[in-house]
Structures are given as C-alpha cells and as structure tokens.
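> This is the structure I want to talk about, given as structure tokens.
This is the structure in structure tokens:
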C-alpha cells in the first residue's frame, strides 16, 4: 500500500475520529445544551439531504443537462416550503403515535402489517442504489486522490468505521425515539464541513482557476461558449418530473424521514427549517457550475465528469478538500440510512416473521438485533457497489433510487388527504408502480440488460429517456389502481379510525369500550405474557408516568388512555403492526351488549389540543362549543352527564363543591365506582323515570343534606345517548320549611298561652284581692304573714304571665326606629327571668352587673328577645358550674351591653359567618342557626352594632358579645329614665 493511499486512509479515519470526539463532547455535556439543541443544529442536520450526490452527482448532472442539476435542490426546497400543510401534519401523527419510519406510518394508517412490510421492501430496494452512490464516490475519490486502484479496499475500511460510528451514535438505546443529541450534532458538523468544502471549491474555481468573475464571463462568452451550447437541456416535462422525484425524496427517503420526524424536532423548528434549509441548499448549489466550468477550462475532455473538482488544481489541498467534502456527505448519509433502515427491517420483517416472546431481556435482544442490522445495511451498500454500482454512472444509480422511493408518494398523499383510501387500493397501487419500476430500471441496473418495451410506452415521447417513461407509467398506474381499488372495495372500521387520525386537522372519535383489565395494575400481568415481567412493568410504568396516573386507577376512560399510550410506546419500540397485535391480544376490549358510543371526553380533549389550528367556521363552532361547555361547567346548580353505559361524561363545579369530589377524579368512571351515597342516589333517579327525586336525605361531610334530583334523557338522531342529571341542594329550604312549621306551631301555642293567661289572670286577680282584704280584716300576725305570702306569689304569677305574653308579641316588626326609653338592667332582669323558666342550664351562674338607670332608645320587647337569644347561647356554651356575666355602661353618646361566658369559644371557621342565617355549631335538632341572625337584624334596626371577641382580650377561652346602642335623648336634655 502506497504512502498516498495510507495518507488518504488516515485522513478519512482521522476525520471520522474527529466526529466521534465531537459526539462524545456533546454526550458528556462539554458542549452546552443550548448549543447542541439549538434550532440551527436541527436545520444543519436536515442538510443530510445533500449526500454524495450533491458533491459529485450534481456536477455530473450539470455536465449532462446544464442548469437542470438545480432540480435536486429546488425539489427539496419545495417540500420544506410546504411544511405547514405537508410536513407538520406528518410530524403530528408520528409524534402522537410514536411512528419512527415511513413503514410505521403506512402500517398505522392502513392497519396492515403487510403494508409496512411492503413499504420496507420497497425502501430497501430503492436505498441500495443510493448507498451504492456513497460507497462508489468514496472509492473513486480515493483512486483519483491517490492515483491508485486501492479505492474499494479503503472504501471498505471507511464503511467499517462508519458502521461502528453509527452503532455508537444511534444504536445505543433500544427505543427509536430516544433523543440522539450527539448524532444530530455530528450530522450538523458534517453539513458544515461539506458546505465549507463546496464553497471552498467554488472559490478555487472562481479565483484560482479563473481570475475572478470577469475572467469567468470572458471564458463563457469565448472558449466556453461552444461547450455550453452543446450541453443538452431538459424538456420542460422532464424538468417537472425530476422536480417531483426530488420533492418526494426530501421527506420520504428512510434517512430523511427519520431525521425530519423521528428525532424530536419541534413544530416551530420544522417551520423555521422551511426557509433555512432552502437557504442551505442554495449555498450548496451555487459552486456546482463554477466547479464544472473551471474543470472544462482546464481540461475539455474529462474522463469522469462527476469528479471534476480533482482536476481544478495540482495542489494537494484542493484534492483533499474535495475528498473530505465527499466523505462528510457520504458518511452522514450512510449512518442515517443504516439507522433508519435497520429499524424498518427489524419492525416490519424480523419481528413480523418472528414475534417477540416473553424474554427476560427483551430490550437487549432488540438492541443487538438492531445493531447487527445497522452493520448489515452499510456492508450491503459496499457489496452493491462491488457487484453493480461500479459499472453505472452516478446519475443512473441516483435516478433509480429516487424513482423507486417516489412509488410511495401516492400512498402518502392519500394517507394525509383522502380518508377513503384503503389498504387494498394502496397495496395494489404500490405493487403496480413498483413492478413497472423494477422492470424498467432496477432489474436492468442489476442484470445489465435492456428491458423490453413497456405497455403504453408509445404514449411517451420517442426520444424520452427511460427514467422519464418509467416514472410516468409507474406513477400513473400507481395512482389509478389506488383510486379504483379503494373506491370499489370495502374499508374496515380500523382503517376508518386510522384515516381520521391521519387526516389533516382531524379528531379521532375514540369509542367508549370497557377493557378486560379492571385496574392499571392488571396491565403488567397481561403484557408479561408477551414482553416478559421486566419489560411489561417498565412499559406500564412509563405510560402511567406520562399520563400522571397510578397503579390503582380504575376509571374506564383512564384505562383506555393507558392502553393507547402503551400501544404508542410499543410502536416506537417494535413497530405499529407488532405493537397493535400485542395490545389487541393481551389488552383486549370487552364487547358487551351495551351500544358502542363515541368517547366524548376524549373528543373534547382533542378539540382543546387542536383549538389553535382551527380557522373560519370551524373556529366559530369551537368557540360556541366552549361557551356552552363553560355554561354547564359554571352553572350554580350541580350537573352530571352519564352515558348509556353509566360512564360519567361530565361533573360540573357546583356538583364538585357539593359532593367534595373533583370532576377530574371521576370523569370517565362508572356510576357504581363513585363514593357513597352517589351510586345509590344517581341510580335511584335513573330508575325513577321522568319524575324527580324530591328532597332526598343524604349524609355529606358529616352533615345532613336534602337534595332534589332531576333527570333528562338525551335522545335523538344527533345525540350520543345518555342522561343529564341536575342536583339541587334544598337543605336550607328544608330547614326554612321546618322553621316555618315550628313557627306556626309556636304561634298556636302562643294563642293557647294567651287564652290560658287570660283564664289564669282572673282567678289570680281574685286571689290577690282576697289576700289584700285579709290584710285589712285581721290583726293576727300569722294570718297577716300568710296573706303577705299569698300576695307575693300572686304578683310572681302575674309577672310570669305578662313576661310570656310580652315575649310572644316581640316577633312583630315595628315600623321605623323605636323611640321609647328602655332601661338595660330591667331588660336584663326580664331576660334572666325567662331563661330560668326553661329549667335548663340551672347549674350555670348568671350575674347581672348592668349600671343602674342606663337608658337607651329602643323597643323593650325586641331587645328582650335579643338578650334571651344571646343568654341562651352563652348558657349552652358553658360547662357545668360555668358563669355568664352581663354588664352595661355608657361611652360618649352610646351605651354598651356585654354578655361574657367562660365556654370554649367560637370555632374560627364559623366566626366570619356567625350572623348569617342557618349558621350554627350545635348538633342537628338543637339549634336552627336563626337566633344570631335575628339579633343582628334587631340591633341594626336600633342603629346599633354588634362586636364579637372570642376569646375576650386577656383570657384564653370564652366569648364576649358587645351590643352598642344609642342613649335615649329627649328635648336635648341628658339621658334620663
């Protein structure tokens, strides 16, 4: 081996080692993430489209057809300019369902493992010529650079190094969707290297070979004019066809699909690449004619036009620049092709032929299979070059690859924009188009014979090149069979569902079906039969974490989402076909007799996700939907919606507050899985018919509630069935009704008491008169003492009767501000007298320490009612032997009246609502919660106020309630009795 060959070998291996060093720097964090994940890195990584064809094939094409070489760059630029309507929808599908390749996408859309296998085989056959181009350019570049014939051997060494680099950068994890920052950074560096190499070669051509733009112009108008005039030109139809081929290749070639859709590009980065990548390709395209013109000016009879860069100068560094640029383009393309194609072959050929079993190390098994396939793909490229590629020009190999890959274009467009396409039509069209391509281009390339005339060939121009005729015939037959077969054959339900998922701006109408698995923890046991215990637990845990669910999850809706997530994750691991088979077999749906309806909650969540993409009438309709949804969600009455299968579809905020159950925790669950008493309560109204359930007594939050439930059936042609239930809280109304009944009963008792008081009053008056007469009729000390006792007792009875009658009249509203003088100590004595009549709390000590002759302006009866209520509350708050102190005095022009007890105090939760109706801390049946509310109203009518301190200042317990009332004024004189 000569020194030149060793130099080229070490130069190439040194360059690859430098790439490995850069990758390690990224992986170990020596290069900050803000650089390695910058959008510019992704854009440069997309520059892998510029393969060795861009370095050498474009020059060969420019030599043959002039500026027709631009079709290679303009076709890709057109594909990325259409990113919003073409590439972003594909990215949405692949990211949602973890689809890593074109075969995954076709298998998912057409619900057929054979669709994925067929696309994989077509991709494999189409990529082999492209791999052959990469190896051919490396081999022939070595020959030209070293002036030897060692190219094939050196190329094999480079292929071995590239295979090792591909395994280290892209096949270190079993999951295809693992983030490969080091791989992307390496491909980006290679894009920079080949761009600089092309720009450097263009500068050499313009400034070293020519003396600048003026000298170039003089050559083109002089010696070079004749050579350019004899250069062939593309027919416009051929030009458009070539644009279509490169358009399809830009996102359908396995390595380009992988870098665009499987490497976690964000939609914003992809949209940004819609103009940055065309700019990159423009810079790559500019030097191509300069290189060719300069080579022509140096040597008009170049033997191999593709390698014109090596004829520019005798300086060694010019050849080294062309060599490194070609190696950078070829190595990046080969690595990505190997990684992408290995995943496709693994998922759609190996695993389809031999499905995974319950292995102890499933991930390791898949990883080593993929690594072996990576090495096999790269070595197959070298073998293809050795046996076939070395005998054909770059243009023939490239066109064979691009035309073969374009056979998937009709299926891709139908996948996105025609939901009516089915697997039979796609397969028929693909087989027809691929058959024409194999017969007209691929087999002659391999076998080296001229194919017989194809049918319908006379319809194409007689002087048209074979590639043009094959492209037109294969695409026409492909499209025709796809449309005709799809129109006249049946589309399965699975295909219809997948078509909705793949259609642009579509929303999947998932079905509400129960699963055989009852809880999330059951998933691991079921999947272990296919994946093994370790892999099953890892996949279930991964899906649960992504959905923020627990192993105890039982809601049917959550279990369906968990199943979908596991299927999507397995799709990224082993392809959608195998993943779907495993999930359908081991996590099946339970097909009951209940009608199958759409999963409304899932549809709602998808609509929320697609909200920003809706425009026009669709956006207006979505706004109307959101308005109606919010109306129900914020309705001040409890509302829930159940499907025909009794699965909860809606649970609004009012019902969440009433029940203490959040809507997020119960939506998607069955009625019978709700906490008590809701299963019985909702079941009762569902079985009741059209009539409501009125004031059902239930126990919620350790309190008694009375709920009224109304039901309406959702039926009709446009309805998805189910029932809507309104839940009204009538607890306060029930209490109010009870109080009204109690008040009516008290009124009756009051009337009875008035009659009794009247009947008692007459005899008592008679007794009092007799006692008074007795005092005047006798001088007997014993009789006088007895008569005095009788007189005192009759006065006591009269006072009791008058107090009862006066208190009974206290509830009547008095118009305006009361103007009568009221002595607070007298009111306090009357209230104490009434409190003692109740015979409860006799072990509580009451103390009346009100100031004498303290007169306020008010209504004596109503103030007595206030004091009775406050004293009763103070008595109830005290423990046995407790004490209640009533004090009163004046301050400025007001009087304060304070009731202090030594009880436990008022609960802070109740303090802010103390004077609201129905607020009470007493047990059910012991208090109504109306006493303090009534006291507040009466004091407010007296132009006073109430202050509460619990505990009072300087104490650790008890409560002090202070009433402030205006002092009595008369004729601008000081207050008096």
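In the working numbering, the protein residues as written are 485 to 1461. For glycine and all other residues, C-beta sits at the position ideal for the given N, C-alpha and C.
1. Would you mind giving the Cβ-Cβ distance between residue 1463 and residue 1044, rounded to the nearest angstrom? I have them listed as a contact below 8 Å.
2. Go through its chain and collect everything with a Cβ distance to residue 1005's Cβ below 6 Å, but skip five positions before and after it.
3. Helix, strand or coil for residue 1124, going by three-state DSSP, please let me know.
4. Check the C-beta distance from residue 541 over to residue 617 and give it rounded, since I have them as a contact under 8 Å.
5. Return yes when the Cβ of residue 1377 is within less than 8 Å of the Cβ of residue 1449, no when it is not.
6. Given this structure, state the Cα-to-Cα distance separating residue 517 from residue 958, to the nearest angstrom.
7. Cβ of residue 911 versus every heavy atom of the ligand FAD: is any distance shorter than 7 Å?
8. Who are residue 1176's beta bridge partners in DSSP?
9. Closer than 8 Å is the cut-off here; do at least three beta carbon pairs connect the region 594-609 with the region 627-642?
10. By Cβ distance below 6 Å, which residues in the same chain neighbour residue 732 in space, the five residues on each side in sequence not counted?
11. Among 528, 1252 and 570, which one has its Cα closest to the Cα of residue 896?
12. Got a sec? Which residues, its chain only, sit under 7 Å from residue 1168 by beta carbon, not counting five neighbours each side?
13. Residues bridged to residue 1194 by DSSP?
14. Tell me the residue span of the beta strand (DSSP E) that contains residue 1384.
15. When you compare only the Cα positions, how much space is there between residue 802 and residue 779?
16. For residue 1172, count neighbouring C-beta atoms within 10 Å of its own C-beta (all shown protein chains included) and say buried if the count is 16 or more, exposed if not.
17. Cα-Cα, which of 1258, 509, 575 and 1436 is closest to residue 755?
18. Determine the extent of the alpha helix (DSSP H) in which residue 788 is found, giving its start and end residues.
19. Opposite residue 1373 in the DSSP bridges: which residues?
20. Would you tell me roughly how many angstroms separate the C-alpha atoms of residue 550 and residue 772, rounded to the nearest one?
21. Between 1104, 1102, 1136 and 1131, which has its C-alpha nearest residue 1113's C-alpha?
22. Quick check: the Cα distance between residue 702 and residue 709, rounded to an integer number of angstroms?
23. In its own chain, which residues sit with a C-beta less than 6 Å from the C-beta of residue 654, not counting the 5 before and 5 after it?
24. Who are the near neighbours of residue 609 in its chain, counting only those whose CB is closer than 7 Å to its CB and skipping five residues on each side?
25. Would residue 611 and residue 885 be called neighbours here (beta carbons separated by less than 8 Å)?
26. Residue 1305 lies in the beta strand (DSSP E); which residues open and close that run?
27. Tell me the start and end of each unbroken alpha helix (DSSP H) in the region 645-701 that is at least 4 residues and wholly inside, in chain order.
28. Nearest CA to the CA of residue 671: which residue from 995, 526, 1329 and 539?
29. Can you check whether the CB of residue 744 is closer than 8 Å to the CB of residue 558?
30. Please go through the same chain and pick out, in chain order, the residues whose beta-carbon is closer than 6 Å to the beta-carbon of residue 1330, but skip the five residues on each side of it.
31. Spatial neighbours of residue 489 within its chain, please: CB distance less than 6 Å, with the 5 preceding and 5 following residues excluded, ordered by chain position.
32. Taking only runs of the alpha helix (DSSP H) that begin and end inside the region 906-934, which ones reach a length of at least 4 residues, in chain order?
33. Under 8 Å by Cβ, that's how I've got residue 1002 and residue 1038 pegged, so tell me the actual separation to the nearest angstrom.
34. Does DSSP put residue 1115 in a helix, a strand or coil?
35. Based on DSSP bridge pairs, tell me the residues matched to residue 1330.
36. In chain order, which beta strand (DSSP E) runs of at least 3 residues are fully inside the region 1131-1190?
By the coordinates alone:
1. Any question about residue 1463 goes unanswered here, given that the chain covers just 485 to 1461.
2. These residues qualify, in order along the chain: 1035.
3. Strand at residue 1124.
4. About 7 Å separates the beta carbon of residue 541 from that of residue 617, a gap short enough to meet the 8 Å contact definition.
5. Taking 8 Å as the Cβ cut-off, residue 1449 and residue 1377 do not qualify as a contacting pair.
6. Using only the alpha carbons, I get a separation of about 46 Å.
7. This structure lacks the ligand FAD, and indeed carries no ligand of any kind.
8. According to DSSP, residue 1176 shares a beta bridge with no other residue.
9. Verdict: no, contact absent.
10. Apart from the 5 residues on each side of it in sequence, residue 732 sits with its Cβ closer than 6 Å to the Cβ of 890 and 893 in its chain, given in chain order.
11. The residue with the shortest Cα to Cα distance from residue 896 is 570.
12. Taken in chain order, the residues that qualify are 1177.
13. Listed as beta-bridge partners of residue 1194 by DSSP are 1210.
14. Taken as a continuous stretch (DSSP letters only), the beta strand (DSSP E) holding residue 1384 covers 1378-1385.
15. Spanning the two alpha carbons is a distance of roughly 13 Å.
16. Exposed, because fewer than 16 other Cβ atoms sit within 10 Å of the Cβ of residue 1172.
17. Out of 1258, 509, 575 and 1436, 575 has the C-alpha closest to the C-alpha of residue 755.
18. Segment: none, residue 788 is in no alpha helix (DSSP H) and carries neither H nor E.
19. Residue 1373 pairs with 1380.
20. Their backbone Cα atoms lie some 10 Å apart in a straight line.
21. Of the candidates 1104, 1102, 1136 and 1131, the one whose C-alpha sits nearest the C-alpha of residue 1113 is 1136.
22. Here the alpha carbon of residue 702 sits roughly 9 Å from the alpha carbon of residue 709.
23. Counting only Cβ-Cβ distances below 6 Å, and skipping sequence neighbours, we find 664, 667 and 823.
24. Cβ contact annotation for residue 609 (same chain, cutoff 7 Å, sequence separation greater than five): 888 and 926, in chain order.
25. Between residue 611 and residue 885, the CB-CB gap stays under 8 Å.
26. Unbroken beta strand (DSSP E) run through residue 1305: 1304-1307.
27. 665-687, all fully within the region 645-701.
28. Ranking the options by Cα distance to residue 671, first place goes to 526.
29. No, they are not a contact pair.
30. Non-local C-beta neighbours of residue 1330 in its own chain, meaning closer than 6 Å and more than five positions away in sequence, comprise 1316 and 1368, ordered along the chain.
31. Closer than 6 Å at Cβ, skipping near neighbours: 630, 632 and 634.
32. Complete alpha helix (DSSP H) runs here, min 4: 907-921 and 927-931.
33. Their Cβ separation, rounded to whole angstroms, is 7 Å, which keeps residue 1002 and residue 1038 in contact under 8 Å.
34. If DSSP states are grouped into helix, strand and coil, residue 1115 belongs with the helices.
35. As DSSP reads the structure, residue 1330 sits in a beta bridge with 1368.
36. As for any beta strand (DSSP E) of minimum length 3 sitting wholly inside the region 1131-1190, the runs are 1132-1135 and 1177-1184, ordered along the chain.
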